[in-house]
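Have a look at the structure below, then the notes.
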Amino acid sequence: MGEEVAVVESEDLTKYYRSGYVFSEEVCGAKDVTFSIKEGEILALVGESGSGKTTVANMILRLIKPTDGKFYLRGEDALGMDRNEYWRRVQAIFQDPYSTFNEYYVVDKELEDAFGLLEEGRNGTYSESEKREIIESTLEKIGMNPKEILGRYPHQTSGGQMQRLLVARALIMDPDLLLADEPTSMVDASTRVAVLNEILRLKEEGMSVLFITHDVAQAYYISDRAAVMNDGEVVEIGPADEVFFEPEHPYTKELISSVPRLYEKWDI
Ligand SMILES: Nc1ncnc2c1ncn2[C@@H]1O[C@H](COP(=O)(O)OP(=O)(O)OP(=O)(O)O)[C@@H](O)[C@H]1O
Ligand SMILES: [Mg+2]
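Mapping of the sequence shown onto the UniProt record's numbering: residues 1 to 268, in sequence order.
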């Protein structure tokens, strides 16, 4: 039997940013980042602020171009794929959800646009009432009241609500890969578990997830495998149990030691 093709696979992804106008400097965002995620698997990318997590996410999302390295979606060179086709198959929940929504449109439009992409892919169409029904039931699934949230503009919506709207959009799109960059950074504690559990449910349905967080406990709660980043590099990668309970790299050990009761916090 041949080996299963990973849903996403990166090979030495590297990004150097140029910064400064007078004395132009190169800043290393990420260096030689290599990982793969199988179908129905959640890989957590854990690291402190500035370690390069969002840089990796933005490369995989094709929002910034790698300086070096490659990545593949189900074996296909991602940078060579049609962008709309790619974004149909790769969806994201961002750290800063306001950056994704157009401030001049009511939030409904962002959800409705998802159907446009779906229709392009399947050559089928959805009636207005079908769209409405799917949108409303999806919002209810993640604990939102459609009557309350639909019709609002982003500035009338809280950060936590925006993040859940992005989860809803991802649910509607049913992508191959979900990229979640600190998806609960603006969500309160009770909703956080709902969002995490919704992501776990998506995984049960076969979705692959790159889950980015600085929170070791969240990473452990949600992931099958984990990669630890420090200064732009992955210093350790492996099954979550091994990375979090038998860390090998000194940096991982230090990171874990700041979370004294890993089990208890998320034992719900
Ligand atoms: N557009 C940019 N131009 C120059 N440097 C950048 C740019 N974006 C990020 N960096 C730098 O790249 C490094 C990695 O940043 P990145 O945003 O990927 O970190 P992160 O792990 O997502 O941090 P956080 O947890 O705070 O979100 C940092 O040193 C950051 O200052
Ligand atoms: Mg970040």
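Think of the CB as a built atom: it goes at the ideal place given N, C-alpha and C, for glycine as much as any other residue.
* Asked: Using 8 Å as the threshold, is the segment 101-113 in touch with the segment 158-172, meaning 3 or more CB pairs across them?
  -> yes
* **Three-way DSSP call (helix, strand, coil) for S257 in this model** => helix
* Excluding five sequence neighbours on each side, which residues of the same chain lie with their C-beta closer than 6 Å to the C-beta of H155? -> none
* To do: Could you spell out where the alpha helix (DSSP H) holding A189 opens and where it closes?
  => A189 to E204
* Is any heavy atom of ligand 1 found at a distance shorter than 7 Å from the C-beta of Q95? -> yes
* Can the beta-carbon of V259 be found less than 8 Å from the beta-carbon of A217? -> yes
* Is the beta carbon of G160 less than 8 Å from the beta carbon of D188? -> yes
* To do: Would you kindly report the start and end of the unbroken alpha helix (DSSP H) that includes T125?
  => Run containing T125: none; DSSP gives neither H nor E here.
* Taking the Cβ atom as the reference point for each residue, do S208 and E39 lie within a distance shorter than 8 Å? -> yes
* Sub-8 Å separation of R89 and D176 beta-carbons -> yes
* Under a three-way DSSP split, which group does R152 fall into? -> coil
* Below 8 Å on the Cβ atoms is my guess for K15 versus T67; work out the distance and round it to an integer in Å. => 5 Å
* Tell me, please, which residues DSSP counts as bridged to N230. => E233
* Figure out for me which residue from G20, S36, V22 and S19 has the closest Cα to the Cα of D12. => S36
* Spatial distance of V27 from G232 (CA atoms) -> 10 Å
* For the beta strand (DSSP E) that T14 lies in, which residues bound it at each end? -> V8 to S19
* Sequence-distant residues of its chain with Cβ nearer than 6 Å to L178 (five each side left out) -> Q91, A170, M207 and V209
* Asked: In three-state DSSP terms, what is G143?
  -> coil
* Of the residues T125, M229 and E198, the one placed nearest E140, counting alpha carbons only -> E198
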